[in-house]
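Q: In this note's numbering, the protein residues as written are 16 to 736.
Here's a structure for you.
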Ligand code: ARG
Ligand code: GLU
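Shown next, in the form of structure tokens:
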């Protein structure tokens, strides 16, 4: 039965590959996509893209820190990724005196490259379908817990016995909501150093105003280098480590692109949910997104007040601001796109068709007749809990005092049976985290955020939680959050590292005594303990139900719609997506072409503006038309282009490759109208945004004069014009 499911699963995938939709598994390209890709223009083979028999393009692709993609572009381990992927690293090396965010950074030699503790690069050595082994002993009648425990056992047994090199790791990951399991053999390098970054006025040009927006003019790239031990194997950071010599590095093409050209993007997309029922899509777009959007909007407004007038705070909060703003804007675009393309209605029609087909087939009918109703009921029943989850998690992460109270609360809870020595050891670890935390903290700013977002979780009116101590603290302050915030922040030990260290001085009992008097701590933990005792368990319960139903729903869809294409949802594993360079028409009478130029950068230039200012050097290069070899046939410098490749968060830094597998650009974003592609890909408006490789080289060469970097690259230019 299992075999039948899996093999039919692949047949369906095979039948249905067209458009840009889909994030495909590299090891199945030969079987599922090669023919289609060739018909669309691919000139190399599936084996050139992924192989375990010879070096292939996959050997140049890494997951960077687990949150972005990067690719090897020289035989000395140089890797290319986005400026926003390297942002945190660049920020960590920046001070007011040496502000690399502002001025850019270019190492002139290996010795000047900067180390980044915690940053790593993971190569995929091999992937293999292990569904049969992992699903042995699993059947329909098991509870989710029983199922999970069998699967965990099977995973640890296969992971323990799988043949691998000592420096390699094994990971087994579910696909299609657990209908399929794939094993990955990986190699992780943890010495990754900063090599180069343009100033933010290039690498982040347009900042949040232009984020998720086309037309785009951002040179969103930065460069790092992977270091290895003397044997070229992964090694902890050491000054003795040497540049990693890769199996494969990407050639960079100066050809550029034209509309219709075949493109592919190779990387680590994070998460999509393409197979949700209409009820869930509606819930995301119209119930949950608006809640999260509002909380982040208030947070950002508060941050802005402080950041735009104080450079110190601007640096401290730059990375946090960018990441809060990023999804704030994405969710707005996602909800709009879902409405604009009638995605809910389309899903409803699809469900009607699904139901029709089921009713006409006795086997399907007996397996799946109540499936959709059950799914809908579960999503509906879970809704009030999901609302509280999103309010709670957004508020307790966007307000950092609350975040820290939860960390300390956890420390206390996890140390109940500790002897003094263990307690002191844990405390020391926590203190290190606290030291890092307060380096990038401003209590006034945080208090303002508190006063603006705390009211968005109405503790007094909630039907699900009753944090009585918090409610009474609020009424002590006339039910006014401004007054409450002043009173809490005025006295709490959580407002600075020093006062928190004082509080944490002493035995566990002593610390608890002090915490019990800290009103901010009382306020926060009263809410969190209500949340964790009354909401969280319900969420887990619903999630189990929903997981099980979704697993059956995707299986059912694959059986019923033999004419539709099914690729596994993104799950931070290596995927290849392919499409074409393509313009789009987001609304009536609005047509966007597919390429932008340096002229457009100059059009957006606003001297002194924090988002649209430009470095003088770039302006001079433009004035003097000092473009080097980095123009296209129009004689202009290309900056960005768009295509119909299906990408998502995590694909940042992924290479955009041409039909020959040469690097022609660097993926960094999607167009706003198309961000709903995480839930519902629509080829008419979903586009990914890439920086043109020629702009990257132009900046490295002509702007930064970093000839040491240019010399390392293999630049190809097969097309002549
Ligand atoms: N939207 C892109 C992504 O999802 C870029 C984000 C970084 N830029 C920014 N202005 N926040 O990661
Ligand atoms: N900027 C995103 C990232 O960091 C990629 C854009 C997207 O979500 O498609 O991965």
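Don't be surprised by glycine CBs; every beta carbon is placed ideally from N, CA and C.
Distance check for residue 481 and residue 475, CA to CA, integer angstroms please.
A: For this step, residue 475 is matched to residue 460 along the chain shown. For this step, residue 481 is matched to residue 466 along the chain shown. Each residue's alpha carbon lies about 7 Å from the other.
Q: What's the gap between the Cα of residue 76 and the Cα of residue 244?
A: Translated into positions along the chain shown, residue 76 becomes position 61. Translated into positions along the chain shown, residue 244 becomes position 229. Approximately 20 Å, taken between the alpha carbons.
Q: When you compare only the Cα positions, how much space is there between residue 141 and residue 468?
A: Position 126 of the chain shown, counting from 1, holds the residue named residue 141. Position 453 of the chain shown, counting from 1, holds the residue named residue 468. In a straight line, the C-alpha of residue 141 is about 46 Å away from that of residue 468.
Q: Could you give the residue range of the beta strand (DSSP E) that holds residue 207?
A: In the chain shown, residue 207 corresponds to position 192, counting from 1. Run containing residue 207: 206 to 212, per the beta strand (DSSP E) assignment.
Q: In its own chain, which residues sit with a C-beta less than 6 Å from the C-beta of residue 286, not counting the 5 before and 5 after it?
A: Reading the chain shown from its first residue, position 271 is the one you call residue 286. Only 585 meet the Cβ criterion.
Q: For residue 563 versus residue 636, is the C-beta spacing smaller than 7 Å?
A: Numbered from its first residue, the chain shown carries residue 563 at position 548. Numbered from its first residue, the chain shown carries residue 636 at position 621. No, these two residues do not count as a Cβ contact at 7 Å.
Q: From what residue to what residue does the beta strand (DSSP E) around residue 413 run?
A: Position 398 of the chain shown, counted from the first residue, corresponds to residue 413. No beta strand (DSSP E) holds residue 413; the alpha helix (DSSP H) holding it covers 386 to 413.
Q: For residue 187 and residue 174, which I take to be in contact (beta-carbon distance under 8 Å), what is that distance rounded to the nearest angstrom?
A: Against the chain shown, residue 187 aligns to sequence position 172. Against the chain shown, residue 174 aligns to sequence position 159. Yes, residue 187 and residue 174 are in contact; Cβ-Cβ is about 6 Å, under 8 Å.
Q: With DSSP as the reference, label residue 2 as helix, strand or coil.
A: The requested residue 2 does not occur in the structure, where the chain is confined to residues 16 to 736.
Q: Helix or strand or just coil, what does DSSP make of residue 369?
A: Numbered from 1 along the chain shown, position 354 holds the residue referred to as residue 369. In this structure, residue 369 counts as helix in the three-state DSSP scheme.
Q: Give the range of the alpha helix (DSSP H) segment to which residue 538 is assigned.
A: For this step, residue 538 is matched to residue 523 along the chain shown. Counting along the chain, the alpha helix (DSSP H) containing residue 538 begins and ends at 534 to 545.
Q: Can you name the start and end residues of the alpha helix (DSSP H) that residue 566 belongs to?
A: Here residue 566 refers to the residue found at position 551 when the chain shown is read from its first residue. 551 to 575 is the span of the alpha helix (DSSP H), which, as asked, contains residue 566.
Q: Would the stretch 220 to 239 and the stretch 338 to 356 be scored as touching if the rule is three or more Cβ pairs under 8 Å?
A: Contact between the stretch 220 to 239 and the stretch 338 to 356 is present, because at least three Cβ pairs lie under 8 Å.
Q: Which runs of the alpha helix (DSSP H) at least 4 residues long sit entirely within the stretch 291 to 336? Give them in chain order.
A: You should have 293 to 298 and 304 to 322.
Q: Is it the case that the Cβ atoms of residue 419 and residue 461 are separated by a distance below 7 Å?
A: As a first step, residue 419 is located in the chain shown; it is residue number 404 there, counting from the start. As a first step, residue 461 is located in the chain shown; it is residue number 446 there, counting from the start. Going by C-beta atoms, residue 419 is not nearer than 7 Å to residue 461.
Q: State the DSSP-derived secondary structure class of residue 509, mapped to helix, strand or coil.
A: Sequence index remark: in the chain shown, residue 509 carries index 494 (1-based). Correct three-state label for residue 509: helix.
Q: Keeping to the same chain, check which residues put their C-beta closer than 6 Å to that of residue 300; ignore five residues upstream and five downstream.
A: Residue numbering aside, residue 300 sits at position 285 when the chain shown is read from its first letter. The residues are 350 and 353.
Q: As a quick exercise: from 87, 678 and 724, pick the residue whose alpha carbon is nearest that of residue 731.
A: Locating residue 731 in the chain shown gives position 716, where the first residue counts as 1. Nearest of 87, 678 and 724 to residue 731, Cα basis: 678.
Q: Could you tell me which whole alpha helix (DSSP H) segments of length 4 or greater appear in the stretch 57 to 117?
A: With a minimum length of 4 residues, the continuous alpha helix (DSSP H) runs that stay inside the stretch 57 to 117 are 61 to 64 and 98 to 107.
Q: Can we count residue 232 as close to ligand 1, meaning its CB is less than 6 Å from some heavy atom?
A: What you label residue 232 is simply residue 217 of the chain shown in a count that begins at 1. No, the beta carbon of residue 232 sits no closer than 6 Å to any heavy atom of ligand 1.
Q: Report all residues from its chain with a CB closer than 8 Å to the CB of residue 358; omit the five preceding and five following residues, and keep chain order.
A: Counting from 1 along the chain shown, the entry for residue 358 is found at position 343. Answer for residue 358: 296, 300, 352, 691, 694, 695 and 697, listed in chain order.
Q: From the DSSP output, read off the bridge partner residues of residue 142.
A: Stepping through the chain shown from its first residue, residue 142 is reached at position 127. For residue 142, which the question treats as bridged, DSSP gives the partners 199.
Q: Beta strand (DSSP E) containing residue 243: first to last residue?
A: Locating residue 243 in the chain shown gives position 228, where the first residue counts as 1. Where residue 243 is concerned, the enclosing beta strand (DSSP E) stretches over 237 to 243.
Q: Can the beta-carbon of residue 136 be found less than 7 Å from the beta-carbon of residue 204?
A: As a first step, residue 136 must be located in the chain shown, where it is residue number 121. As a first step, residue 204 must be located in the chain shown, where it is residue number 189. A contact, by the Cβ cut-off of 7 Å.
Q: Verify the contact flag: residue 702, CB atom, against every heavy atom of ligand 2, threshold strictly below 6 Å.
A: Against the chain shown, residue 702 aligns to sequence position 687. Checking every heavy atom of ligand 2 against the Cβ of residue 702, none is found closer than 6 Å.
Q: Is there contact between the stretch 259 to 269 and the stretch 703 to 722, where contact requires at least three CB pairs shorter than 8 Å?
A: These segments touch.
Q: Please state the DSSP three-state secondary structure of residue 279.
A: The count along the chain shown starts at 1 and reaches residue 279 at position 264. Here residue 279 sits in strand by DSSP.
Q: Would DSSP call residue 272 helix, strand or coil?
A: Residue mapping note: residue 272 aligns to position 257 of the chain shown, counting from 1. Reduced to three states, the DSSP call for residue 272 is coil.
Q: Indicate whether the contact test is met: 3 or more Cβ pairs, each with one atom in the stretch 641 to 648 and one in the stretch 663 to 672, closer than 8 Å.
A: Flag = no, the stretch 641 to 648 and the stretch 663 to 672 do not touch.
Q: Which first and last residues belong to the alpha helix (DSSP H) in which residue 377 is found?
A: On the chain shown, position 362 is the one that residue 377 refers to. From DSSP, the alpha helix (DSSP H) with residue 377 extends over 377 to 383.
Q: Could you give the C-beta distance for residue 235 and residue 609, rounded to a whole number, given that I count them as a contact under 8 Å?
A: Walking along the chain shown from the start, residue 235 turns up at place 220. Walking along the chain shown from the start, residue 609 turns up at place 594. Contact doesn't hold; Cβ gap of about 17 Å is too wide.
Q: Using only CA atoms, which one of 129, 165 and 150 lies nearest to residue 207?
A: As a working mapping, residue 207 is identified with position 192 in the chain shown. The option with the nearest alpha carbon to residue 207 is 129.
Q: Where DSSP assigns a beta bridge to residue 704, which residues make up the other side?
A: Taking the chain shown and counting its residues from 1, the one referred to as residue 704 is at position 689. DSSP lists 657 and 684 as partners of residue 704.
Q: Could you give the DSSP three-state label for residue 671: helix, strand or coil?
A: By one-based count along the chain shown, residue 671 stands at place 656. Here residue 671 sits in strand by DSSP.
Q: What separation, rounded to the nearest whole angstrom, lies between the Cα atoms of residue 432 and residue 412?
A: On the chain shown, residue 432 is found 417 positions in, with the first residue counted as 1. On the chain shown, residue 412 is found 397 positions in, with the first residue counted as 1. About 29 Å.
Q: Give me the Cα-Cα distance between residue 24 and residue 656, rounded to the nearest whole angstrom.
A: Walking along the chain shown from the start, residue 24 turns up at place 9. Walking along the chain shown from the start, residue 656 turns up at place 641. Since pLDDT at residue 24 reaches only 46, below the 50 mark, its modelled position is unreliable, and the value read off the structure follows with that caveat. Taking the straight line joining both Cα atoms gives about 34 Å.
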